[in-house]
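**Q**
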Amino acid sequence: MTSTTKPRFPREAALVVAGELVHLLGPVCERIAIAGSLRRDKPEVGDVEILFVPRIEERPLDMFAIEHVSLAEEAIQRLLD
Numbered sequence: 015m016t017s018t019t020k021p022r023f024p025r026e027a028a029l030v031v032a033g034e035l036v037h038l039l040g041p042v043c044e045r046i047a048i049a050g051s052l053r054r055d056k057p058e059v060g061d062v063e064i065l066f067v068p069r070i071e072e073r074p075l076d077m078f079a080i081e082h083v084s085l086a087e088e089a090i091q092r093l094l095d
C-alpha cells in the first residue's frame with residue numbers, strides 16, 4: 015500500500031482563496047460559509063471547504079414546464095470554463 019501526503023497550505027493563504035470564493039458566490043447563494051479546517055482555525059489546511067445553499071431560479075422550458083436552475087452551480091461552471 016502506498017501512502018500519499020496531501021499538500022498543506024498556510025491558513026492565511028487558504029483564507030484568501032476562501033474569501034474570494036465567498037465573494038464570488040455570495041450573490042448567487044441563500045447562505046454561504048467557510049467550513050472544515052479553516053473554520054476550526056487550524057494553522058495549516060489541505061483544502062478549502064465552502065458550504066452553500068444556492069439561489070434557485072425557475073426558467074420556462076416551454077408553455078407547460080419549468081426547470082429549476084442553481085445559480086451557484088452556473089457561477090461555478092463559469093469560473094471553471
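Read in the numbering used here, the sequence shown has 80 at position 66, and its numbers run on one by one without any break. Backbone N, C-alpha and C fix where the C-beta goes; we use that ideal spot for every residue, glycine too. Here the structure is a predicted model, which is why all the values come from computation and not from measurement.
Name, in chain order, the residues that DSSP records as bridge partners for E81.
**A** Answer is R73.
**Q** V83 and I64: beta carbons closer than 8 Å?
**A** Cβ distance not < 8 Å, so V83 and I64 don't count as in contact.
**Q** If you drop the 5 nearest sequence neighbours on each side, which residues of the same chain put their C-beta closer than 6 Å to that of V62?
**A** Counting only Cβ-Cβ distances below 6 Å, and skipping sequence neighbours, we find A28, V31 and A32.
**Q** Under the assumption that P68 contacts E87 (Cβ atoms under 8 Å), give the Cβ distance between them as a whole number of angstroms.
**A** 6 Å between Cβ atoms; contact.
**Q** May I ask you to report which of helix, strand or coil DSSP gives V31?
**A** It is helical.
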